[in-house]
Amino acid sequence: ETGVTQSPTHLIKTRGQQVTLRCSSQSGHNTVSWYQQALGQGPQFIFQYYREEENGRGNFPPRFSGLQFPNYSSELNVNALELDDSALYLCASSPGTGGSTDTQYFGPGTRLTVL
Amino acid sequence: DAKTTQPPSMDCAEGRAANLPCNHSTISGNEYVYWYRQIHSQGPQYIIHGLKNNETNEMASLIITEDRKSSTLILPHATLRDTAVYYCIVSYGPMNSGGYQKVTFGTGTKLQVIP
Chain P
18 ETGVTQSPTH LIKTRGQQVT LRCSSQSGHN TVSWYQQALG QGPQFIFQYY REEENGRGNF
78 PPRFSGLQFP NYSSELNVNA LELDDSALYL CASSPGTGGS TDTQYFGPGT RLTVL
Chain X
45 DAKTTQPPSM DCAEGRAANL PCNHSTISGN EYVYWYRQIH SQGPQYIIHG LKNNETNEMA
105 SLIITEDRKS STLILPHATL RDTAVYYCIV SYGPMNSGGY QKVTFGTGTK LQVIP
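Line by line, the protein sequences are chains P and X. So the mapping is simple: this note's numbering equals the position in the first sequence, first residue as 1, plus 17. So the mapping is simple: this note's numbering equals the position in the second sequence, first residue as 1, plus 44.
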């Protein structure tokens with residue numbers, strides 16, 4: 018049981034709109050990462066937040082942005098939605114104790130469909 | 045980041061051991077090998093990780109070759125519930141608090157457990 022929750026479960030938007038996805042990290046975890054998973058592909062790293070600051074980013078344009086709050090919940094915002102943004106969006110939290118031994122625990126994901 | 049290579053699919057008879065191979069020939073000395081699995085578009089589930097020694101937990105065993113260029117995940121007695129996509133990942137993060145940990149997923153191995 019991971020304890021990471023995401024909302025909403027499913028979402029339908031139209032091209033050009035903006036969307037906000039939410040994640041509640043596992044208790045005690047101060048690091049959160051967001052991933053995009055297209056159908057049939059592995060998750061692709063979007064960015065990571067540690068103590069409310071972005072500390073790493075994958076190959077995603079600036080219209081993908083995020084926030085992490087003092088209670089370690091977080092948001093993923095996507096502006097100017099494109100059809101290719103349709104995917105499962107996953108957040109993962111980790112204790113943030115540092116180093117490559119941190120294990121990431123994933124939430125169930127939000128399925129975004131852009132029409 | 046080190047890349048991994050996995051077979052796209054494997055079958056295993058129920059009750060038999062499932063041995064899932066992974067090549068990571070460019071792994072560096074401070075990178076760990078992680079295994080996750082994803083069942084039917086749920087969030088990825090952590091299984092096990094290791095650096096250079098073999099590891100075992102309640103879910104699986106991880107065998108890492110001496111040169112660390114490949115590893116094998118072993119599910120000792122596969123059940124139908126083990127049918128999933130299995131991801132082998134090498135993960136890097138600096139050894140300081142809040143270190144950036146970028147996790148790069150490949151396309152994984154789809155394991156089908158057959159009754």
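Ideal placement from N, C-alpha and C gives every residue a C-beta, glycine not left out.
Simplified DSSP assignment, three categories, for residue i
i	result
residue 125/X	helix
residue 154/X	strand
residue 38/P	strand
residue 107/X	strand
residue 67/P	strand
residue 56/P	coil
residue 99/X	strand
residue 130/X	strand
residue 73/P	strand
Nonlocal neighbours in the same chain, by C-beta distance under 8 Å from residue i, ignoring five residues either side
i	result
residue 156/X	53, 54, 55, 56 and 127
residue 32/P	98, 99, 100, 131 and 132
residue 72/P	65 and 66
residue 28/P	36, 38, 127, 128, 129 and 130
residue 30/P	36, 98, 129, 130, 131 and 132
Beta-carbon proximity list for residue i, same chain, < 7 Å, skipping 5 on both sides
i	result
residue 60/X	122
residue 45/P	112
residue 147/X	133 and 135
residue 103/P	129, 130 and 131
residue 55/P	104
residue 159/X	58 and 124
Neighbourhood of residue i by C-beta distance below 6 Å, restricted to the same chain and skipping five residues each side
i	result
residue 129/X	82, 152 and 154
residue 131/X	80, 149 and 152
residue 69/P	85
residue 120/X	61
Proximity test, residue i beta-carbon vs the ligand HEM heavy atom, cut-off 7 Å
i	result
residue 56/P	Questions concerning the ligand HEM fall outside what the structure shown contains, since it holds no ligand whatsoever.
Identity of the residue in the options nearest residue i by Cα
i	options	result
residue 78/X	48/X, 70/X, 110/X and 124/X	48/X
residue 107/P	104/X, 85/X and 101/X	85/X
residue 37/P	51/P, 88/P and 55/P	51/P
residue 88/X	81/P, 104/P and 109/P	109/P
residue 103/X	113/X, 97/X, 95/X and 91/X	91/X
residue 88/P	41/P, 21/P and 23/P	41/P
residue 110/X	95/X, 119/X, 124/X and 51/X	95/X
residue 64/X	159/X, 112/X and 105/X	105/X
residue 123/P	26/P, 34/P, 43/P and 25/P	43/P
First through last residue of the beta strand (DSSP E) which encompasses residue i
i	result
residue 67/X	62 to 67
residue 81/X	76 to 82
residue 148/X	Unbroken run through residue 148/X: none, as it is neither H nor E.
residue 83/P	81 to 85
residue 54/X	53 to 57
residue 116/X	114 to 119
residue 28/P	27 to 30
Any chain A beta carbon closer than 8 Å to residue i
i	result
residue 124/P	Among the chains of the structure shown, chain A does not appear; the protein chains present are P and X.
*asked:* Restricting to runs no shorter than 3 residues, where is the beta strand (DSSP E) found entirely within the region 91 to 129 of chain P?
replied: Runs of the beta strand (DSSP E) inside the region 91 to 129 of chain P: 104 to 111.
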